Ligand code: SF4
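Spelled out as structure tokens, the structure:
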């Protein structure tokens with residue numbers, strides 16, 4: 041495929057001498073002619089930035105929305121989940137490294153060409169209430185996600201991102217009109233950790249989270265609790281307080297169990313006591329909804345009323361066992377439960 045046929049990237053500008061500046065994520069790569077950005081899926085071809093991943097879809101699955109995880113967003117519905125190769129982070133514990141890190145490691149992109157129209161048709165065929173751009177990092181396959189999201193929104197299908205939250209304000213502003221929900225990984229609360237382990241920075245993620253909430257996108261936050269990396273009570277408390285005070289006490293926080301993977305395959309799994317302590321820290325910070333991830337059968341999978349404590353949504357893994365919400369309210373005390381319920 042030649043440069044004329046490839047999908048031109050969104051959000052970039054000429055930067056002199058044939059170079060271009062990508063404005064999609066906070067790396068803001070300055071890319072000379074013939075070179076790739078840090079994500080390795082955006083290339084400067086003759087002064088034009090193109091998305092190499094637009095036609096390299098590496099995964100399409102029908103998932104329960106709970107798997108994203110999004111717990112306060114159309115519970116019990118299906119989401120057509122789509123991924124293209126690549127990522128702008130290099131997390132040493134990545135659980136999807138085979139597809140997220142393939143371009144950077146020099147492996148061929150692979151994947152298949154599926155048009156946005158075909159993706160939306162597949163979502164309709166499988167009776168999906170939403171599309172999810174997930175598994176890898178949707179920011180770096182932004183054009184595919186954007187084109188599909190616009191079409192999906194026109195058909196009454198919602199759109200969700202599962203993201204590391206490293207988008208620029210311009211990217212948030214561009215996708216927000218079509219983005220209904222997002223789960224953002226807040227992986228640590230130390231810039232040093234972001235720089236050393238993820239090869240990124242913390243501040244842009246915090247700014248992105250605030251911008252998403254301000255734009256009216258439904259936001260949930262996930263922290264994969266990795267022993268020795270981000271599991272101190274102090275750091276977990278800083279994350280919880282940021283969510284409660286800078287975003288909203290209504291933003292759900294998922295604290296997830298880590299299992300060794302990629303370059304940290306020998307690292308121990310997160311002890312259950314650490315996750316339980318993280319949940320307590322979240323509640324003490326004032327968060328109304330704190331969930332425990334990757335521990336099927338734990339009570340922390342369930343939604344309880346923040347006011348009276350009654351069980352509202354009973355989950356087992358990714359499946360809904362019962363849902364007692366009545367028009368987004370607790371049937372016992374009438375408290376409003378934040379989220380998008382239908
Ligand atoms: S999306 Fe890729 S090319 Fe653009 S700034 Fe981020 S890492 Fe660089």
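In the working numbering, the protein residues as written are 41 to 382. We put the beta carbon where it would ideally sit given N, CA and C, even for glycine. The structure presented is a predicted model; accordingly, all values stated were derived computationally and were not measured.
Using a Cβ-Cβ cut-off of 7 Å (strictly less than) and excluding sequence neighbours within five positions of residue i, which residues of its own chain qualify?
| i | result |
| --- | --- |
| residue 371 | 364 |
| residue 176 | 123, 124, 125, 126, 127, 136, 139, 140 |
| residue 338 | 332 |
If I measure Cβ to Cβ from residue i and keep anything under 6 Å in the same chain, skipping five residues before and after, which residues do I get?
| i | result |
| --- | --- |
| residue 119 | 103, 105, 168, 170, 172 |
| residue 326 | 284, 289 |
| residue 271 | 265, 314 |
| residue 350 | 372 |
| residue 130 | 239 |
How about residue i and residue j: do their beta carbons lie closer than 8 Å?
| i | j | result |
| --- | --- | --- |
| residue 221 | residue 198 | yes |
| residue 190 | residue 151 | no |
| residue 262 | residue 223 | yes |
| residue 250 | residue 275 | no |
| residue 219 | residue 257 | yes |
| residue 212 | residue 162 | no |
Can you give me the Cβ contacts of residue i inside the same chain, cut-off strictly under 8 Å, excluding the 5 residues immediately before and after it?
| i | result |
| --- | --- |
| residue 418 | Absent from the model: residue 418. The displayed extent of the chain is 41 to 382, so no value can be given. |
| residue 243 | 231 |
Name the DSSP bridge partner or partners of residue i?
| i | result |
| --- | --- |
| residue 84 | 89 |
| residue 333 | 296 |
| residue 111 | In the DSSP output, where bridge partners are listed per residue, residue 111 has none listed. |
| residue 414 | Since the first and last residues shown for the chain are 41 and 382, residue 414 lies out of range. |
| residue 360 | 355 |
| residue 366 | 369 |
| residue 52 | 62 |
| residue 321 | DSSP lists no partner for residue 321. |
Suppose you measure from the CA of residue i to the CA of residue j; what does that come to, to the nearest Å?
| i | j | result |
| --- | --- | --- |
| residue 128 | residue 328 | 32 Å |
| residue 183 | residue 89 | 12 Å |
| residue 317 | residue 49 | 44 Å |
| residue 180 | residue 94 | 10 Å |
| residue 252 | residue 245 | 11 Å |
| residue 35 | residue 229 | Residue numbering for the chain in the displayed model covers 41 to 382; residue 35 lies beyond these limits and cannot be assessed. |
| residue 309 | residue 254 | 35 Å |
| residue 75 | residue 200 | 31 Å |
| residue 121 | residue 164 | 13 Å |
| residue 81 | residue 63 | 14 Å |
| residue 347 | residue 259 | 21 Å |
| residue 156 | residue 207 | 22 Å |
| residue 273 | residue 320 | 10 Å |
| residue 166 | residue 196 | 14 Å |
| residue 277 | residue 295 | 12 Å |
| residue 60 | residue 70 | 6 Å |
| residue 360 | residue 354 | 6 Å |
| residue 369 | residue 279 | 27 Å |
| residue 58 | residue 52 | 13 Å |
| residue 187 | residue 132 | 31 Å |
| residue 87 | residue 79 | 18 Å |
| residue 330 | residue 345 | 11 Å |
| residue 91 | residue 247 | 25 Å |
Next item on the list: Tell me the start and end of each unbroken beta strand (DSSP E) in the stretch 158-233 that is at least 3 residues and wholly inside, in chain order.
Entry: Runs of the beta strand (DSSP E) inside the stretch 158-233: 170-173, 198-203, 221-225.
Check: What residue ranges within the stretch 239-310 form continuous beta strand (DSSP E) runs of no fewer than 3 residues, ordered along the chain?
Finding: Within the stretch 239-310, the beta strand (DSSP E) runs of at least 3 residues that lie entirely inside it are, in chain order, 258-265, 293-297.
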